[in-house]
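In my numbering, the protein residues as written are 25 to 183. Virtual Cβ for every residue (Gly too), placed ideally from N, Cα, C. Report on one structure; see the data block that follows.
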């Protein structure tokens, strides 16, 4: 018998920490495809024409925060849908406002693990957004592992 844990909506603070780290601090290992997917697929495509036009009058920081707000709402919508599927509910997604929350790679990784776990309901794991978040989670884990002294000191090739 498979025991299923409860599912819940992550807090805005948790989501803000994830977005702050991924959107403002992490270099994505210079992975251009992931950066484009994060900003374009989850951010810019969610903007109305009027919002896109308003970006012209924003500083880079204001534009980044504006887009992170859109991305955060997308992630929050999917988290809400996962909980709805888990409990057969029809809750609406609550508003989201991005706010900078200091976060290091370790905390971002754990928060992201929490988010993907909470999204692991119904058909959500089959969505592109879920798969994307898992890809980011995996890259964070690799980066964390590569920075440990054990990995740095380990042999690359055995003879």
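Nearest neighbour of residue i, chosen from the options [CA to CA]
| i | options | result |
| --- | --- | --- |
| residue 101 | 77, 48 and 70 | 70 |
| residue 32 | 136, 141, 47 and 124 | 141 |
| residue 30 | 80, 112, 98 and 85 | 112 |
| residue 156 | 51, 60 and 49 | 60 |
| residue 104 | 36, 174, 175 and 64 | 36 |
| residue 50 | 38, 179 and 161 | 161 |
| residue 118 | 42, 94, 130 and 52 | 94 |
Exposed unless 16 or more other CB atoms sit within 10 angstroms - verdict on residue i
| i | result |
| --- | --- |
| residue 45 | buried |
| residue 79 | exposed |
| residue 172 | exposed |
| residue 132 | buried |
| residue 130 | exposed |
| residue 40 | buried |
8 Å Cβ cutoff met for residue i and residue j
| i | j | result |
| --- | --- | --- |
| residue 89 | residue 122 | yes |
| residue 34 | residue 127 | no |
| residue 153 | residue 66 | yes |
| residue 136 | residue 163 | no |
**Prompt:** Should the region 140-147 be regarded as contacting the region 108-124, the criterion being three or more beta carbon pairs within less than 8 Å?
**Reply:** yes
**Asked** Which parts of the region 48-132 are runs of the beta strand (DSSP E), unbroken and 3 residues or longer, counting only runs that do not cross its ends?
**Response** none
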